[in-house]
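Quick note, the sequence shown lines up with residues 1 to 250 if you use UniProt numbering.
See below for the structure under consideration.
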Amino acid sequence: MIEGNKAMLVDESVCAGCHACTVACKQLYELPSGVHRTKINKVSSGTYPAVTEVTDKRACFHCTDAACVKACPTGACQKDEDGLTIINSSLCITCNWCVNNCPFDAVEPDRTNGTIEKCTLCSGRIKQNKEPFCSDVCTTRAVKFGDRGELLKIGQKRVAQLKEQGYANAYLYGEHELNGLKVLTVLKDDPVKYNLPRDPQIPFGLKVWKHIPFKTLLLAVGGGLLAFNAFHTRKVKNLQAKYKKDKGGV
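Here it is, written out as structure tokens:
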């Protein structure tokens, strides 16, 4: 059982780019084609012949200061008791404000099911004293789960090793960004080489969102959209069930 401030450490320097985490996650959460909670990107930089490529495991970083939580007009995007960022689909109106305001492009719309998808760090498994699925299946142990304080020490030690090996720009991403991320990442090079912002910020508009006088009106509109979305989702599921029945399915 893992106690304390739960977090994840991703060591990009040993990631094999095998996509085991992506495949396992999609199967576990039955995600449709084109929708991911985590995915592996190959990021190239430079010009031929001096081209370099790095592997980037991209998913929600579970920011302490989360733009998606601030942006959500209905409270669907929220923090759970472990400080993880989750989405309550029953409150979600699929307005895409969380999608548009995430500085890491880690939130995706699922147009097939009329929902929003993002990594929850397998919060359900954590409550069962299990580690997230991606760390469980990682073939190189590039993904680790545990107490954030301990993972910080491991990450800092690994960065020091990389610098000794000649990676002068090695960096531990997430230690301080947005008041600390629950997903820490060991990088061999500058964050921009991984398509990560050096200094991610909360959009100014979100900082003053709670002071906007017409927020109540927007929430009322959001309530209407929530009802419409529930109706639409039910209609889609009924059509899918009818299609399966017509095709001889269960």
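In this text, a Cβ means the ideal position worked out from N, Cα and C, and glycines have one as well.
Roughly how far, in whole angstroms, is the beta-carbon of Leu184 from the beta-carbon of Gly174, given that I think they are within contact range, below 8 Å?
-> 4 Å
To which residues of the same chain is Asp11 closer than 7 Å at the C-beta, ignoring the five residues directly before and after it?
-> The residues Ala142, Arg158, Val186, in chain order, have a CB closer than 7 Å to that of Asp11 in the same chain once the five nearest residues on each side in sequence are set aside.
Leaving aside the five residues before and after Phe214 along the sequence, list all residues of the same chain whose C-beta is less than 7 Å from its C-beta, in chain order.
-> Per-residue confidence for Phe214 stands at a pLDDT of 46, beneath the threshold of 50, marking its modelled position as unreliable; no derived number is given.
If you run the structure through DSSP and keep just helix, strand and coil, what is Gln165?
-> coil
In the DSSP assignment, find the beta strand (DSSP E) that holds Gln201 and state where it starts and stops.
-> Segment: none, Gln201 is in no beta strand (DSSP E) and carries neither H nor E.
When Gly205, Pro203, Phe204, Asp189 are compared against Val43, the one with the closest alpha-carbon = Comparing Cα-Cα distances from Val43 to each of Gly205, Pro203, Phe204, Asp189, the minimum goes to Asp189.
Which residue comes first and which comes last in the alpha helix (DSSP H) that contains Gln27?
-> First-last of the alpha helix (DSSP H) with Gln27: 20–29.
Rounded to a whole number of angstroms, what is the C-alpha to C-alpha distance between Val250 and Ser33?
-> Annotation note: pLDDT 38 at Val250 (below 50); position unreliable, coordinate value reported separately. Those two C-alpha atoms are separated by around 21 Å.
Are there 16 or more other CB atoms within 10 angstroms of the CB of Val51, so buried, or fewer, so exposed?
-> If you draw a 10 Å sphere on the C-beta of Val51, you find fewer than 16 other C-beta atoms in it, and that means exposed.
Below 7 Å CB to CB, which residues in the same chain sit around Lys193 once its five sequence neighbours on both sides are set aside?
-> Val43, Ser45, Val54
Range covered by the beta strand (DSSP E) that runs through Ala7 = 6–11
Measure the CB-CB distance between Tyr171 and Pro191 and report whether it falls below 8 Å.
-> The answer is yes: Cβ separation under 8 Å.
Kindly list the residues whose CB is nearer than 6 Å to the CB of Ala24, restricted to its own chain and excluding five residues on each side of it in sequence; keep chain order.
-> Cβ neighbours of Ala24 beyond the five flanking positions: Phe133, Val137.
Name the one or two DSSP bridge partners that Ser44 has.
-> Glu53
Proximal residues to Val69 (C-beta, below 7 Å), its chain only, five neighbours per side dropped = Cys77, Gln78, Lys79, Thr85
Could you work out which residue in Asn100, Asp82, Leu196, Tyr167 is closest to Pro203 when comparing CA atoms only?
-> Asn100
Is the beta carbon of Cys98 less than 8 Å from the beta carbon of Ile126?
-> One thing to note: Cys98 has its Cβ no nearer than 8 Å to the Cβ of Ile126.
With 8 Å as the threshold, decide whether the Cβ of Ala67 is near any Cβ in chain C.
-> Protein chains in the displayed structure number just one, and chain C is not present.
With DSSP collapsed to three states, give me the class of residue 258.
-> There is no way to answer for residue 258, as the model of the chain reaches only from 1 to 250.
Between the CA atoms of Tyr48 and Asp82 - distance to the nearest angstrom = The straight-line gap from Cα to Cα measures roughly 46 Å.
Sequence-distant residues of the same chain with beta carbon closer than 6 Å to Ala66, five excluded per side | Thr85
Using alpha carbons as the reference points, say which of Ser90, Ala160, Pro197, Gln165 lies closest to Glu177.
-> Comparing alpha carbon positions, the residue from Ser90, Ala160, Pro197, Gln165 closest to Glu177 is Pro197.
What are the boundary residues of the beta strand (DSSP E) that includes Ile93?
-> First-last for Ile93: undefined, no H or E at that position.
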